[in-house]
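Trainee: Each residue of the sequence shown is one higher than the last, beginning at 8 in the numbering used here. Next up is a structure, given as structure tokens.
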Amino acid sequence: MSKEVIFLLVVVSMAIWVGVSREAVKPSNEINWRKMITLLSAGTLSTLVITITLFQSLSF
8 MSKEVIFLLV VVSMAIWVGV SREAVKPSNE INWRKMITLL SAGTLSTLVI
58 TITLFQSLSF
């Protein structure tokens, strides 16, 4: 992957995790659980892709 694509993916991932954090600080009865699960899944997937990409770019 090019550096620009990785950078864009990192920015999107950060925005997703900010959304998770904002949803998590709400009182329990106000949390939209469907939104929370969706954001957590997207955040986990994007973080996994970033991690795999960065490990592949390491030269041993």
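A virtual CB, placed ideally from N, CA and C, is assigned to each residue, including glycine. Note that the structure is a prediction, hence the values are computed from the model and not measured.
How many whole angstroms separate the CB atoms of Ser53 and Val19, which I take to be in contact at a CB cut-off of 8 Å?
Mentor: The residue given as residue 53 occupies position 46 in the sequence shown. The residue given as residue 19 occupies position 12 in the sequence shown. Right, the Cβ-Cβ distance comes to about 6 Å (below 8 Å), so this counts as a contact.
Trainee: Determine the extent of the alpha helix (DSSP H) in which Val32 is found, giving its start and end residues.
Mentor: Residue numbering aside, residue 32 sits at position 25 when the sequence shown is read from its first letter. Run containing Val32: none; DSSP gives neither H nor E here.
Trainee: Compare the C-alpha of Thr45 against each of Trp24, Asn36, Leu65 and Thr58 and name the closest.
Mentor: As a working note, residue 45 is residue 38 in the sequence shown. Minimum Cα distance to Thr45 is reached at Trp24.
Trainee: Measure from the alpha carbon of Val27 to the alpha carbon of each residue in Leu47, Ser64 and Gln63, then state which is nearest.
Mentor: Taking the first residue of the sequence shown as position 1, residue 27 is located at position 20. The shortest C-alpha separation from Val27 is found at Leu47.
Trainee: Skipping 5 residues on each side, what residues in its chain have a beta carbon closer than 8 Å to that of Ala49?
Mentor: For this step, residue 49 is matched to residue 42 along the sequence shown. Ile23, listed in sequence order.
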